[in-house]
Amino acid sequence: MIQSSKIYFKEFYTTLFVLLFAWSNCFGQDCQPAFVLNPVNGNNTIEWGKFPKFSLPFNVIYSGPRFGDTQSQPLQHGFSHLASFSGNEPGSLTRQQRAVLWYGVATSSGNQPWADNTLRSPWGNDTAAYRSYWDNFAGSVTDVDIVCLDIERMQREDRDILALKTNNQIPQNYRSLSDQDFLNTYKRDMRWWYAEAVNRLRAKGVTAKITSYSDVPVRNTWLNITSNSWQDWTINLARTHYLAQDNSGKIGGNFFNSLDFQSPSPYYYYGYANPIGKDYLSYLLFNIEANAAWSSKPVIPFVWLRIHDSYDPNTPLIDNFQAQATAIFPFFSGAKGLWLWENPFFPGNRLENYAPYEHFIYGLYRLSEFRNMFEGTYQLVIPQSARDHMELRNPVWRGVVKNGQILIAAQNPYAADNQQTTIAVSHQKWTRNITLNGKQVFLCKFDLNDSVTSVEQPLSDAYVYPYIISSEINVVLTGVNGGTNVNMTILNTKGQTFYQKQLKSRAGEARHTIPLPYLSSGIYFVRFDTPHQTITKKVVVNH
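As numbered in my numbering, residues 102 to 644 make up the sequence shown, in order.
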């Protein structure tokens, strides 16, 4: 019996392996870059010189460590602007290469209620003192290309604003207002202060493009993203922040309208070892896609190659694969640039290996090999919202289409190191299966007219969640064109069928919640069959 059992298992898995590859027409291809990275081994250095010189058609601002660089190396390796200076900079730079991060907008004019980090009040401030400081600062940025205000002096939530009503430092005439009037007045007056700083720059002749750190319609958030549907995130004004609203609560207003582009800050709050930290890529892309949905202003997010010190006081650098994905994927969700930030007090006395920085640079380099795909007019292919990726915890892929070609970026952030993941990528009638190794950042260009891959498949992919199930399972079928019948089968590891159900896919997403019969705890496969295609997923039943 033991011997026949082994043969049965072997035959089943051999058959499953062959069928999966036959069904998938799998291509484990990646476009190999001309330059292959050998990351730095030492501490507190970035080996810029080993990279080829390259550029990108985006605003990519470098505000990271320089380690004595006197050759403006970032500008030769994918970055368009410098905001941290070394050697003879900024004097040696052209206007188009200079960016300034303006710290202290609210905190450099004496002991003011607005500057008080606890109070953050728009009332009782010395307007003349602020204007004098802002006017003087304006004189220092008349010859730069980008100015980013870093203000961060407002109460974010309604409950925190209303708490000020009990604070004796708030003038009585405001404290006597009704709660709703107090909220409306606080928000209106706070927008005035934020906007006035920009107005003073413009009045003094500053022509630089202006943005403000993280002051966007959908501010950085992590834990509640999946609490609301993607549609809700894009149409419900309650999801947007008041600094990006006008007095009627709609997107706009004197402050947001004064900005040339949006700068969300999707900093990573959890290390990859934390289960929540594995959502890093969907979190990054959500911040771009959600804000792009609310405004046509270009999105240039701040990124930080560390875990935020709010959750890890050691502020460690992120993993290499995260750094490379952070450099590549934003542009596939519509970002028009990146602002790579670092704590200006680092490295200080810290000794660290900066390989993640080199992987970020390498990500930019890999992207530069396809820079023509991002020049002029191109089309983004976003088959599933980043918000839904976070809920489903599935592989992420995005595409850029131009002149009959498609550039694909893909990663499975949830994969084990040696796990192979096969995913279907598609656009209109073109489809192809690609295989990812571990957390590999896949980047490759394909010809949409390739006759071998132009067989129309009804499904782009099928997903099941949660990964651990008990009495029901959620299914998402992502259809390419039109609808088709899909046969769902649940099998155990011996290939025995325990449940079958007919489903229907359609163009876009079709969601199903399916009650299940009792299944013993263990590992199962969920197989989705169409006349020309099979997709298989694994789940765990646990009672």
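We treat Cβ as the ideally placed atom computed from N, Cα and C, and that holds for glycine.
Please read these numbers as outputs of a predicted model, since none were measured by experiment.
Endpoints, alpha helix (DSSP H) assigned at residue i
i	result
Asn588	It is not in any alpha helix (DSSP H) - Asn588 instead sits in the beta strand (DSSP E) that spans 585 to 593.
Asn575	Taken as a continuous stretch (DSSP letters only), Asn575 belongs to no alpha helix (DSSP H), being part of the beta strand (DSSP E) at 573 to 580.
Pro457	456 to 469
Gly354	354 to 357
Ser383	381 to 395
Ile262	259 to 264
Glu190	No alpha helix (DSSP H) contains Glu190, which DSSP labels as neither H nor E.
Glu453	Run containing Glu453: none; DSSP gives neither H nor E here.
Leu138	Looking at the DSSP string, Leu138 is not in any alpha helix (DSSP H), and its letter there is neither H nor E.
Phe422	421 to 429
Ala516	Run containing Ala516: none; DSSP gives neither H nor E here.
Ala487	487 to 493
Tyr234	228 to 239
Endpoints, the beta strand (DSSP E) within which residue i is located
i	result
Asp548	543 to 548
Gln480	480 to 482
Residue i to residue j span [Cα, whole Å]
i	j	result
Glu297	Asn444	27 Å
Tyr619	Ser606	26 Å
Leu360	Asp251	13 Å
Gly179	Tyr371	28 Å
Trp331	Val642	28 Å
Gln541	Arg467	13 Å
Trp293	Tyr625	58 Å
Leu138	Tyr463	7 Å
Asn415	Phe447	12 Å
Thr579	Trp334	21 Å
Gly505	Ile326	35 Å
Trp498	Val526	8 Å
Pro457	Tyr368	15 Å
Phe543	Leu537	7 Å
Asp630	Ala563	10 Å
Leu549	Lys595	39 Å
Gln634	Leu493	22 Å
Phe433	Val482	8 Å
Gly192	Asp170	15 Å
Val502	Leu508	7 Å
Thr614	Lys530	29 Å
Tyr231	Gln425	41 Å
Asn126	Asn375	Bear in mind that the predicted position of Asn126 carries a pLDDT of just 39, short of 50, making it too unreliable to give a figure here.
Pro272	Gly353	28 Å
Leu465	Thr427	9 Å
Gln130	Cys545	Since pLDDT at Gln130 reaches only 46, below the 50 mark, its modelled position is unreliable, and the value read off the structure follows with that caveat. Rounded to the nearest angstrom, the two C-alpha atoms are 8 Å apart.
Asn285	Asp261	13 Å
Arg340	Val400	18 Å
Ser210	Phe430	40 Å
Opposing strand residues paired with residue i [DSSP bridges]
i	result
Val525	Before going further, note that residue 525 is Ala rather than Val in the sequence given. Answer is Asn534.
Trp440	Ile162, Phe403
Gly623	Val642
Arg472	None, per the DSSP bridge assignment.
Asp251	Tyr204
Thr663	Lying before the first or after the last residue shown, residue 663 is absent from the chain, which here runs from 102 to 644.
Pro616	Glu573
Trp498	Ala511
Ser173	Ser173 pairs with nothing; no bridge assigned.
Gly609	Gly580
Gln346	Ile352
Ala563	Leu578
Gln213	Partner(s): none; Gln213 has no beta bridge.
Lys503	Gln506
Asn144	Asn454
Thr598	Leu592
His182	Ile162
Ser364	Tyr314
Arg199	Leu183
Any non-hydrogen atom of the ligand ATP closer than 7 Å to residue i Cβ
i	result
Leu157	For the ligand ATP, the structure offers nothing, since it holds no ligand at all.
Discussion item. Does the contact criterion of 3 or more C-beta pairs under 8 Å hold for the stretch 240 to 247 versus the stretch 196 to 204?
Written reply: Per the Cβ contact rule, the stretch 240 to 247 is in contact with the stretch 196 to 204 (3 or more Cβ pairs under 8 Å).
Discussion item. Assess contact between the stretch 374 to 385 and the stretch 340 to 360, defined as three or more Cβ pairs (one per stretch) separated by less than 8 Å. Is contact present?
Written reply: A contact is defined here as three or more CB-CB pairs under 8 Å, and the stretch 374 to 385 fails this definition with respect to the stretch 340 to 360.
Fill in: Cβ pair count under 8 Å reaching 3, the stretch 485 to 501 against the stretch 174 to 193
As far as the Cβ criterion goes, the stretch 485 to 501 does not touch the stretch 174 to 193, which means the pair count is below three.
Worksheet item: On the three-pair Cβ rule with 8 Å, is the stretch 254 to 267 touching the stretch 218 to 235?
Response: Contact holds: three or more Cβ-Cβ distances are below 8 Å.
Discussion item. Taking 8 Å as the cut-off, does the stretch 400 to 414 touch the stretch 514 to 533 (at least 3 CB pairs, one atom from each stretch)?
Written reply: Judged by Cβ distances under 8 Å, the stretch 514 to 533 makes no contact with the stretch 400 to 414, as fewer than three pairs qualify.
Worksheet entry | At least 3 beta-carbon pairs within less than 8 Å: the stretch 616 to 633 vs the stretch 585 to 596 | Verdict: yes, contact present.
Worksheet item: Any chance the stretch 384 to 402 sits against the stretch 321 to 338, with 3 or more Cβ pairs inside 8 Å?
Response: With a cut-off of 8 Å, the stretch 321 to 338 and the stretch 384 to 402 count as touching, because enough Cβ pairs lie within range.
Practice prompt. Say whether the stretch 432 to 441 touches the stretch 134 to 150, bearing in mind that this needs 3 or more beta-carbon pairs closer than 8 Å, one atom from each stretch.
Written response: Result no; under three Cβ-Cβ pairs closer than 8 Å.
Worksheet entry | Residue ranges of each beta strand (DSSP E) within the stretch 276 to 344, 3 or longer | With a minimum length of 3 residues, the continuous beta strand (DSSP E) runs that stay inside the stretch 276 to 344 are 310 to 313.
Discussion item. Using 8 Å as the cut-off, can you tell me whether the stretch 272 to 283 makes contact with the stretch 298 to 310, which would need three or more C-beta pairs spanning the two stretches below that distance?
Written reply: The stretch 272 to 283 makes no contact with the stretch 298 to 310, as fewer than three CB pairs between them are under 8 Å.
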